[in-house]
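The structure appears below as structure tokens.
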Amino acid sequence: WATPKNLKGSAALKGTMDIHVVLGWRNAKGLSTFVRSVTNPRSPNYGHFLTPAQFRSAYSPSGASAAKVSSWLKSQGLTVTQGPASRLWVEATGTVAAIEKAFGTQINVYRSAGSLVRAPASAPTVPASLSGIVKGVTGISDLLAHPNDPAPPPPAFVVAEPCSKYWAEQMATNKPPAYGNYQPYTPCGYTPQQIRGAYGTQYAIDHGNDGSGVTVAILDAFWNPTLQGDLEQYSKNHGLPKPNLTIKKFGPYNADDQRQQGWYGEQALDVDAVHGMAPGANLVFVGAKTNSSTSLDNAMAWVLDKHAADETSNSYGFLGENHSGDEIQKEEAMFMQAAAEGIGTYFSSGDNGDEIQTLGYRSADYPASSPNVTAVGGTSLGVDADNGYRLETGWGTSVSNKSHFHWTPDPPGDYFYGAGGGTSRIFGEPWYQVPVVPTSLSGYWGGAGRVVPDIGLDADPNTGYEIGITQTFPDGTVKYGEQRIGGTSLSCPLLAGIMALAQQRAGHALGFINPALYENYQDNPSIVRDVVDPSITIAVVRTNYANGVDGSDGKLFSLRTMNTTGTLHTIPGYDDVTGIGTVNGEAYLNSFAN
163 WATPKNLKGS AALKGTMDIH VVLGWRNAKG LSTFVRSVTN PRSPNYGHFL
213 TPAQFRSAYS PSGASAAKVS SWLKSQGLTV TQGPASRLWV EATGTVAAIE
263 KAFGTQINVY RSAGSLVRAP ASAPTVPASL SGIVKGVTGI SDLLAHPNDP
313 APPPPAFVVA EPCSKYWAEQ MATNKPPAYG NYQPYTPCGY TPQQIRGAYG
363 TQYAIDHGND GSGVTVAILD AFWNPTLQGD LEQYSKNHGL PKPNLTIKKF
413 GPYNADDQRQ QGWYGEQALD VDAVHGMAPG ANLVFVGAKT NSSTSLDNAM
463 AWVLDKHAAD ETSNSYGFLG ENHSGDEIQK EEAMFMQAAA EGIGTYFSSG
513 DNGDEIQTLG YRSADYPASS PNVTAVGGTS LGVDADNGYR LETGWGTSVS
563 NKSHFHWTPD PPGDYFYGAG GGTSRIFGEP WYQVPVVPTS LSGYWGGAGR
613 VVPDIGLDAD PNTGYEIGIT QTFPDGTVKY GEQRIGGTSL SCPLLAGIMA
663 LAQQRAGHAL GFINPALYEN YQDNPSIVRD VVDPSITIAV VRTNYANGVD
713 GSDGKLFSLR TMNTTGTLHT IPGYDDVTGI GTVNGEAYLN SFAN
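Going by the numbering used here, the sequence shown runs without a break in its numbering and finishes at 756.
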């Protein structure tokens, strides 16, 4: 997107910028071979992961190389700050002018996907003396992550009634019919017990397989100061044990930065979902300083350098695959480190479906499109009165609003949101997908590409999860409340929690699960439920308060038609909305213990 046609002018930015000068791994080819061997269940080296110290000894760039880069940065008037113990990059901060001079480029502002963002006018350069050491420079371009759900702002949001306690508990018989029938009201918000019941993990938890001994790191931008208290109140309200939550903050956080408010609901969703699925697991919340890629990479590096968790849940992403080569190289290096150390890395597949309406062209989202992470797609889930699995479709929602005695536009209406997926334009098909993914998908762009996602779980905000969060109400009252929320920001931490159960059952670290996941699926497809197009159109009626909190200003009603997934499709077997399918209880958990 940093092209002349999108140029808006010089950055003329005030303040400072944080950059990473990337050194890369020693023996990167050897690392790739090692990662395949420790993640392939058929390899004799399977599961023989490295400690962070062993990893650094084998693959980190030398201290002398890092020192040489640091010395040059200081000579350019930049301040070298604390980088990762792995020495994957040297971190520095400086003014726009100093960075432009040091790297021989001009920093401009460009328009991309409706936003103004900065990027260098030409590729950054370094002196010839560093050319064999420096692999790239990141942070000069704007890369701002988005929480992958319609996260609520700090002002209160209350789920409006009527809504259903379970699927189709209440039917909208006083609203216009659609598709030849009256449709049910949306679920009010599923509880942990309802999600566990639907995906068949309640039995495991009832028998002590609750994630004990496993640590899940939840990576987000910023930090909500009420997060811990909210999680403890949520746990009391829903019959969950008191959470074992550790918080690692990368502040200081700027109270005037309005971006952070949109992440508070995301943070609550992430910790509530993991704790609800794995009530015995240890949680580590890692709050990056900002939602920039540079800040989030710093947070990830901290987890990897300290092996602070067995798995990471990352409910954020970027629009499409619009990263620079330097940024992708750096993040892929981190994902390889995670795999070598036996740390599972889960990313949401995105909430804009095929991205055509957002970007103007079809695209999978990064980092979910990386072949070195597990991409979690989304569904719309129906849970019955006994917490059982009733129905499931691919998550793709179109909306028609109630107007007098009919829905307008005619159902299904306008596309609103849905699970991300599709075929990567930048990554080839990974070896573990070849036996499972149809060539019609891997070959979508003419070659053989990585296809997203790997697996799916409930994500539709209309069949979403009940979370707890402190909110500010219109009268100024600040208090705890519960609400329904969704997005692949829900499916990702749900899977992280379920994988904590799987690791406890296996009795050993599972690490990067994709090779085992696809092999387990080939051995026994019943480890998941195959999500396909329903035989009839599935829809719900959603009630919203006009003012967001109560009925004093009236209510709004809309018809939400499901499984409208654009150029992505739910088909028998693997598909680009739900991957191999959704978790099927004991069969799924046992597949990793064999």
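Cβ atoms here follow ideal geometry from the backbone N, Cα and C, with glycine treated the same way. Remember, it's a predicted structure, so these values are computed and weren't measured experimentally.
| message | Going by DSSP, what residue range makes up the beta strand (DSSP E) through Arg-722? | response | Locating residue 722 in the sequence shown gives position 560, where the first residue counts as 1. Here the beta strand (DSSP E) through Arg-722 covers 717-723.
Problem set entry | Endpoints, the beta strand (DSSP E) within which Leu-381 is located | As a working note, residue 381 is residue 219 in the sequence shown. From DSSP, the beta strand (DSSP E) with Leu-381 extends over 377-383.
Review point. The alpha helix (DSSP H) with Leu-619 in it runs from where to where?
Key: Indexing the sequence shown from 1 puts residue 619 at position 457. Looking at the DSSP string, Leu-619 is not in any alpha helix (DSSP H); the run it does join, the beta strand (DSSP E), is 617-620.
**Report entry** Ile-357 - DSSP class collapsed to helix/strand/coil
**Finding:** Within the sequence shown, numbered from 1, the residue matching residue 357 stands at position 195. It is helical.
Other residues of its chain near Thr-255: CB distance less than 8 Å, five sequence neighbours each side excluded: Here residue 255 refers to the residue found at position 93 when the sequence shown is read from its first residue. Thr-178, Met-179, Asp-180, Ile-181, Leu-240, Thr-241, Thr-243.
First and last residue of the beta strand (DSSP E) that includes Tyr-680?
As a first step, residue 680 is located in the sequence shown; it is residue number 518 there, counting from the start. Segment 676-685 is the alpha helix (DSSP H) holding Tyr-680; no beta strand (DSSP E) there.
Query - Neighbourhood of Arg-358 by C-beta, 8 Å cutoff - its chain only, sequence neighbours within 5 removed - result: Here residue 358 refers to the residue found at position 196 of the sequence shown. Contacts found: Gln-364, Ile-367, Gly-438, Met-439, Asn-549.
message: Can you find the residues in the same chain that come closer than 7 Å, C-beta to C-beta, to Leu-305, ignoring five residues on each side of it along the sequence?
response: By one-based count along the sequence shown, residue 305 stands at place 143. Taking C-beta separations shorter than 7 Å and ignoring five residues to either side along the sequence, the partners of Leu-305 in its chain run Ser-454, Ser-455, Phe-480, His-485, Glu-489, following chain order.
Distance between Gly-558 and Gln-355 (C-alpha atoms, nearest Å)
On the sequence shown, residue 355 is found 193 positions in, with the first residue counted as 1. On the sequence shown, residue 558 is found 396 positions in, with the first residue counted as 1. Distance between the alpha carbons of Gln-355 and Gly-558 is about 25 Å.
*asked:* Rounding to the nearest angstrom, what Cα-Cα distance links Tyr-683 and Arg-524 in this structure?
replied: Along the sequence shown, read from residue 1 onward, the residue named residue 683 stands at position 521. Along the sequence shown, read from residue 1 onward, the residue named residue 524 stands at position 362. Tyr-683 and Arg-524: Cα-Cα distance of roughly 28 Å.
field: Pro-533 classed as buried or exposed, judged by whether at least 16 other C-beta atoms fall within 10 angstroms
entry: Here residue 533 corresponds to residue number 371 of the sequence shown, with the count starting at 1. So Pro-533 ends up on the buried side.
Next on the checklist: To the nearest angstrom, how far is the alpha carbon of Pro-315 from that of Val-321?
Outcome noted: As a first step, residue 315 is located in the sequence shown; it is residue number 153 there, counting from the start. As a first step, residue 321 is located in the sequence shown; it is residue number 159 there, counting from the start. In this prediction, Pro-315 scores a pLDDT of 43, lower than 50, which makes its location untrustworthy; the coordinate-derived value is nonetheless stated afterwards. Distance between the alpha carbons of Pro-315 and Val-321 is about 14 Å.
* Asked: Quick one: any contact between the stretch 376-387 and the stretch 742-752, if contact means 3 or more CB pairs under 8 Å?
  -> No: fewer than three Cβ pairs fall under 8 Å.
Specify the secondary structure class of His-182 as computed by DSSP and reduced to three states.
For the purposes of this step, residue 182 is taken as residue 20 along the sequence shown, with counting starting at 1. Assigned with DSSP and collapsed to three states, His-182 falls in strand.
* Quick one, which of Val-271, Ala-215, Tyr-221, Glu-262 has its alpha-carbon nearest Pro-166's? -> For the purposes of this step, residue 166 is taken as residue 4 along the sequence shown, with counting starting at 1. Here the closest residue by C-alpha is Val-271.
Using a Cβ-Cβ cutoff of less than 8 Å, which residues in the same chain neighbour Pro-312 once the five nearest sequence positions on both sides are dropped?
Reading the sequence shown from its first residue, position 150 is the one you call residue 312. With a pLDDT of 40 at Pro-312, under the threshold of 50, the modelled position of that residue is not reliable, and no figure is offered here.
Q. Exposed or buried, which one is Val-640 when buried takes at least 16 other CB atoms within 10 Å?
A. Within the sequence shown, the letter at position 478 stands for residue 640. Val-640 should be labelled exposed.
- Task: Output the distance between the C-alpha atoms of Gln-519 and Val-613, rounded to the nearest integer angstrom.
- Result: Here residue 519 refers to the residue found at position 357 when the sequence shown is read from its first residue. Here residue 613 refers to the residue found at position 451 when the sequence shown is read from its first residue. Going by the C-alpha atoms only, they are around 20 Å apart.
Review point. Which one or two residues does DSSP pair with Ile-269 in a beta bridge?
Key: As a first step, residue 269 is located in the sequence shown; it is residue number 107 there, counting from the start. Looking at the DSSP assignment, Ile-269 forms a beta bridge with Pro-282.
Task: Residue span of the beta strand (DSSP E) that contains Tyr-130, given as start and end - done: Past the edges of the chain, shown from 163 to 756, lies residue 130, and the structure says nothing about it.
- Task: Have a look at Ala-260 and Gln-238 and give me their C-alpha separation to the nearest angstrom.
- Result: If you number the sequence shown from 1, residue 260 lands on position 98. If you number the sequence shown from 1, residue 238 lands on position 76. Approximately 7 Å between the Cα atoms of the pair.
Could you check if Ala-530 is buried or exposed, using at least 16 other CB atoms within 10 Å of its CB as the buried criterion? The sequence position of residue 530 within the sequence shown is 368, counting from 1. With 16 or more other Cβ atoms inside 10 Å of its own Cβ, Ala-530 counts as buried.
Report task. Quick one: measure Cβ to Cβ for Leu-185 and Tyr-221, integer angstroms, because I've assumed they're closer than 8 Å. Result -> Locating residue 185 in the sequence shown gives position 23, counting from the first residue. Locating residue 221 in the sequence shown gives position 59, counting from the first residue. The pair is not a contact, with the Cβ atoms about 11 Å apart (cut-off 8 Å).
For Ser-753, I'd like the list of residues in its chain whose CB is within less than 7 Å of its CB, leaving aside the five on either flank, ordered along the chain. Residue numbering aside, residue 753 sits at position 591 when the sequence shown is read from its first letter. So the list reads Asn-682, Asn-686, Ile-689, once near-sequence residues are dropped.
- prompt: Asp-738 to Pro-615, Cα distance in whole Å?
  reply: Counting from one through the sequence shown, the residue named residue 738 turns up at place 576. Counting from one through the sequence shown, the residue named residue 615 turns up at place 453. Approximately 6 Å between the Cα atoms of the pair.
Ordered along the chain, which non-local residues of its own chain (more than five positions away) have a Cβ less than 7 Å from that of Lys-170? As a working note, residue 170 is residue 8 in the sequence shown. So the qualifying residues of the chain are Val-271, Tyr-272, Arg-273, Leu-278.
| DSSP three-state call for Ala-340: helix, strand or coil? | As a working note, residue 340 is residue 178 in the sequence shown. Note: Ala-340 maps to strand in three-state DSSP.
Inter-residue Cα distance where the pair is Ala-470 and Trp-464 = Here residue 470 is taken as the residue at index 308 of the sequence shown, counted from 1. Here residue 464 is taken as the residue at index 302 of the sequence shown, counted from 1. So the two alpha carbons sit approximately 8 Å from each other.
Beta carbon of Gln-666, beta carbon of Ser-374: below 8 Å? In the sequence shown, counting from the first residue as 1, residue 666 sits at position 504. In the sequence shown, counting from the first residue as 1, residue 374 sits at position 212. Cβ distance < 8 Å, so Gln-666 and Ser-374 count as in contact.
* Could you work out which residue in Gly-391, Tyr-736, Pro-324, Leu-721 is closest to Ser-565 when comparing CA atoms only? => Working through the sequence shown from its first residue, we reach residue 565 at position 403. It is Leu-721.
| message | I need the straight-line Cα distance from Val-252 to Phe-674, nearest angstrom please. | response | Within the sequence shown, numbered from 1, the residue matching residue 252 stands at position 90. Within the sequence shown, numbered from 1, the residue matching residue 674 stands at position 512. Straight-line Cα distance between these residues: approximately 26 Å.
Starting from Tyr-577, trace the beta strand (DSSP E) both ways and give me its first and last residue.
Position 415 of the sequence shown, counting from 1, holds the residue named residue 577. Counting along the chain, the beta strand (DSSP E) containing Tyr-577 begins and ends at 576-580.
- Message: For a quick check, are the C-beta atoms of Asp-434 and Ile-660 less than 8 Å apart?
- Response: As a first step, residue 434 is located in the sequence shown; it is residue number 272 there, counting from the start. As a first step, residue 660 is located in the sequence shown; it is residue number 498 there, counting from the start. Their beta carbons are not under 8 Å apart, which means Asp-434 does not touch Ile-660 by this criterion.
Worksheet item: Between which two residues does the alpha helix (DSSP H) harbouring Leu-603 extend?
Response: Here residue 603 corresponds to residue number 441 of the sequence shown, with the count starting at 1. Here the alpha helix (DSSP H) through Leu-603 covers 601-604.
In its own chain, which residues sit with a C-beta less than 8 Å from the C-beta of Leu-292, not counting the 5 before and 5 after it? Along the sequence shown, one-based indexing puts residue 292 at 130. Excluding sequence neighbours, Leu-292 sits near Lys-230, Val-231, Trp-234.
Helix, strand or coil for Asp-434 per DSSP?
Numbered from 1 along the sequence shown, position 272 holds the residue referred to as residue 434. Helix.
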